[in-house]
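Report on the following structure.
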Amino acid sequence: CTEKYAEIYYNRPDVQKELHANVTNIPYKWTACSEVLNRNWNDSDVSVLPIYREMLASGLRIWVFSGDVDSVVPVTATRFSLANLKLETKIPWYPWYVKKQVGGWTEVYEGLTFATVRGAGHEVPLFKPRAALQLFKSFLKGDPLPRS
Amino acid sequence: NEEEEADRISSLPGQPKVSFQQFSGYVTVNKAVGRALFYWLTEAVHDPLSKPLVVWLNGGPGCSSVAYGASEEIGPFRINKTASGLYLNKFSWNSVANLLFLETPAGVGFSYSNRSSDVLDTGDVRTAMDSLEFLLGWMNRFPRFKHREVYLTGESYAGHYVPQLAREITKYNKRSKHPINLKGFMVGNAVTDNYYDNLGTVTYWWSHAMISDKTYQQLVNTCDFRRQKESDECESLYSYAMDQEFGNIDQYNIYSPPCN
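From first to last, the protein sequence lines are chains A and B.
When you line the first sequence up against this note's numbering, it's residues 1 to 148, in that order.
When you line the second sequence up against this note's numbering, it's residues 1 to 260, in that order.
Encoded structure:
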């Protein structure tokens, strides 16, 4: 429920001043999510998998992770989508570790790394901050996640 | 330069003392209609000049990367319970990178448009174009990042924003003498493909014993997961599953109670 704290903090005039925010006196309060935008979303790709194929072909490093206790965009959804890319497996499925605990499972495909994060909800770094930081460090280095 | 200095944050109210630099403010992405996106940069704790630039986008659509990414996920600070101040996040991603939180599109958080109709007809296309425009304008303001390694990250509906922005950057790089040094992107619990997302979601619900066999069968037999807008019959099955069968849980973290 921590976004409630944000709703208070970022509407404080002294905070907005220090952030150089709201300089045009926006006629509505700052809020974590805009209902108006969400309900009037105009165009949305049916699938971004074609973009993944383009970006893989251009050599970008692509990592996809999934907190495995989220039911809104769950791990099964991501796995079905990635399966549709039909990528070659480079490193088969193995448990990755952080601080002697299983951080999740991972599989390295040609051009794309997929990892689950054990016990993390929709906002992975909120629920499993240590594991998320390990994931990020490995992503930046381009290294497979640690095996122990 | 002056614009950069004007964006410097000396210290946020209730913030603990830190060694890294911070900047925040607006970059205009459409001068004609007065549309501007808000950003917050927290530089890396050690040797920021050698660290990559990592852009973080939250999804929704319509949700703020300042509210989520910066304030409860990867940013250096957490807001305390009374919102009177901040405390440090010891697993902040700015321990290894310069973090650029972007509130996109206009209408999200502090980002705004003087053309009020913009919040009624924005979508994936304008968001990707404006986010590219933002990056180009932002790098002119912070020229030290012009050739830095850039990574895009995000979660949820940013599963659309991130690859779409990556594609816009890739297209820009093909026609520009000053390409953006985009190295890759990483997304989490990402909205990716309508059909597979919908099929995977109801499969997860069933395999995690959150819904009955009967409801699962009805969902699979009634819903056309390829459609953007489900039929009323299908919608009511989704509502029944969530309202009557999930029970008192937080869907974003199924073994926790909901936020009241």
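Cβ coordinates follow ideal geometry from the N, Cα and C atoms, glycine included.
Closer than 7 Å to chain B by CB, residue i
| i | result |
| --- | --- |
| residue 64 (chain A) | yes |
| residue 57 (chain A) | no |
| residue 37 (chain A) | yes |
| residue 108 (chain A) | no |
| residue 104 (chain A) | no |
| residue 145 (chain A) | no |
| residue 19 (chain A) | yes |
| residue 80 (chain A) | yes |
| residue 61 (chain A) | yes |
| residue 91 (chain A) | no |
| residue 29 (chain A) | no |
| residue 136 (chain A) | yes |
| residue 49 (chain A) | yes |
| residue 14 (chain A) | yes |
| residue 70 (chain A) | yes |
| residue 111 (chain A) | no |
| residue 74 (chain A) | yes |
| residue 98 (chain A) | no |
| residue 88 (chain A) | no |
Nonlocal neighbours in the same chain, by C-beta distance under 8 Å from residue i, ignoring five residues either side
| i | result |
| --- | --- |
| residue 170 (chain B) | 182 |
| residue 335 (chain B) | Here chain B covers residues 1 to 260 and nothing more, so residue 335 (chain B) does not appear. |
| residue 103 (chain B) | 37, 38, 39, 64, 65, 66, 109, 110, 111 |
| residue 142 (chain B) | 4, 23, 41 |
Enclosing alpha helix (DSSP H) for residue i [first to last residue]
| i | result |
| --- | --- |
| residue 138 (chain B) | 124-141 |
| residue 206 (chain B) | 194-207 |
| residue 138 (chain A) | 129-141 |
| residue 50 (chain A) | 49-57 |
| residue 91 (chain A) | First-last for residue 91 (chain A): 89-98, but that is the beta strand (DSSP E), not the alpha helix (DSSP H). |
| residue 170 (chain B) | 158-175 |
Contact with chain A by residue i, beta-carbon distance below 7 Å
| i | result |
| --- | --- |
| residue 258 (chain B) | no |
| residue 192 (chain B) | yes |
| residue 73 (chain B) | yes |
| residue 211 (chain B) | no |
| residue 107 (chain B) | yes |
| residue 165 (chain B) | no |
| residue 67 (chain B) | yes |
Cut-off 7 Å between Cβ atoms - residues of its own chain near residue i, not counting five sequence neighbours on either side
| i | result |
| --- | --- |
| residue 258 (chain B) | 248, 249, 250 |
| residue 45 (chain B) | 19, 20, 94, 95 |
| residue 61 (chain B) | 157 |
| residue 70 (chain B) | 40, 101 |
| residue 7 (chain A) | 31, 32 |
Nearest-angstrom beta carbon gap, residue j and residue i [assumed within contact, 8 Å]
| i | j | result |
| --- | --- | --- |
| residue 30 (chain A) | residue 22 (chain A) | 7 Å |
| residue 129 (chain A) | residue 97 (chain A) | Going by Cβ atoms, the distance from residue 129 (chain A) to residue 97 (chain A) rounds to 16 Å, so no, they are not a contact pair. |
| residue 64 (chain A) | residue 112 (chain A) | 7 Å |
| residue 155 (chain B) | residue 59 (chain B) | 6 Å |
| residue 52 (chain B) | residue 149 (chain B) | 4 Å |
| residue 38 (chain B) | residue 123 (chain B) | Their Cβ separation, rounded to whole angstroms, is 20 Å, which puts residue 38 (chain B) and residue 123 (chain B) out of contact at 8 Å. |
| residue 252 (chain B) | residue 122 (chain A) | 4 Å |
| residue 184 (chain B) | residue 62 (chain A) | 6 Å |
| residue 119 (chain B) | residue 107 (chain B) | 4 Å |
Proximity test, residue i beta-carbon vs the ligand MN heavy atom, cut-off 6 Å
| i | result |
| --- | --- |
| residue 85 (chain A) | The model on display carries no ligand, and the ligand MN is accordingly not part of it. |
Same chain, Cβ closer than 6 Å to residue i, five either side skipped, listed in chain order
| i | result |
| --- | --- |
| residue 85 (chain B) | 14 |
| residue 8 (chain B) | 23 |
| residue 34 (chain B) | 114 |
| residue 132 (chain A) | 124, 125 |
| residue 11 (chain B) | none |
| residue 108 (chain A) | 90, 91, 144 |
Endpoints, beta strand (DSSP E) assigned at residue i
| i | result |
| --- | --- |
| residue 282 (chain B) | Absent from the structure is residue 282 (chain B), since the part of chain B shown begins at 1 and ends at 260. |
| residue 23 (chain B) | 22-30 |
| residue 66 (chain A) | 61-67 |
| residue 98 (chain B) | 98-103 |
| residue 107 (chain A) | 101-109 |
| residue 264 (chain B) | Lying outside 1 to 260, the shown extent of chain B, residue 264 (chain B) is not represented and no answer is given. |
| residue 39 (chain B) | 35-42 |
Three or more C-beta pairs under 8 Å: does that hold for the stretch 107-120 of chain A against the stretch 64-83 of chain A? yes
The stretch 180-194 of chain B in contact with the stretch 150-164 of chain B per 3-pair CB rule at 8 Å: yes
Between the stretch 76-92 of chain A and the stretch 194-210 of chain B, can you find at least three pairs of beta-carbon atoms closer than 8 Å? yes
At a cut of 8 Å, does the stretch 98-111 of chain B reach the stretch 62-76 of chain B through at least three beta carbon pairs? yes
Count the C-beta pairs between the stretch 214-227 of chain B and the stretch 235-245 of chain B that are closer than 8 Å, then say yes if the count reaches three, no if not. yes
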